[in-house]
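Novice: The sequence shown runs 1 to 105 under my numbering.
Using N, Cα and C, we set each Cβ at its ideal position, and we do this for glycine too.
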Amino acid sequence: SLGIGTFCFMFSNLLGSGVILWSGMKTVGEDCNFDNLPHLIIIFQILIPIVVGVPATLLIPNVLQTEQLIDWEKERWYEDEAEELDHTLDSEEEAMDDDAIDIMG
Numbered sequence: 001s002l003g004i005g006t007f008c009f010m011f012s013n014l015l016g017s018g019v020i021l022w023s024g025m026k027t028v029g030e031d032c033n034f035d036n037l038p039h040l041i042i043i044f045q046i047l048i049p050i051v052v053g054v055p056a057t058l059l060i061p062n063v064l065q066t067e068q069l070i071d072w073e074k075e076r077w078y079e080d081e082a083e084e085l086d087h088t089l090d091s092e093e094e095a096m097d098d099d100a101i102d103i104m105g
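The following block contains the structure:
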């Protein structure tokens, strides 16, 4: 998929920039040295994307994008969080009302 391909491309570029320095290649000046370039291309433009990309495809669920992955009625965890949020907001409002009464009274 496009997202995994983009991730592999960015990962290879970032890692490759550091490896160019580590490999001893000189890319600036009159005494440039590109002897290690073929090895680096094979490793960081072919092998690393395969090593990262192929396992990443295993993380993609085998369902259509239009299918629901979570049965919200069965899970019902969101109701507990909503109730806790309501109780917290009610408590804060009561505290603010008590403070306003104290200030006025």
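1) At the level of alpha carbons, what is the spacing between Gly3 and Phe9?
2) Which residue spans inside the segment 2-39 form an unbroken alpha helix (DSSP H) run of at least 4?
3) Output needed for Gln45: all residues of its chain with C-beta closer than 8 Å, excluding positions within five of it in sequence on either side, in chain order.
4) Which value, in whole angstroms, describes the spacing of the CA atoms of Ile48 and Val54?
5) Which class does Val52 belong to by DSSP, given the choice of helix, strand or coil?
Specialist: In this structure, then:
1) 10 Å
2) 2-23
3) Ser12 and Gly16
4) 10 Å
5) helix
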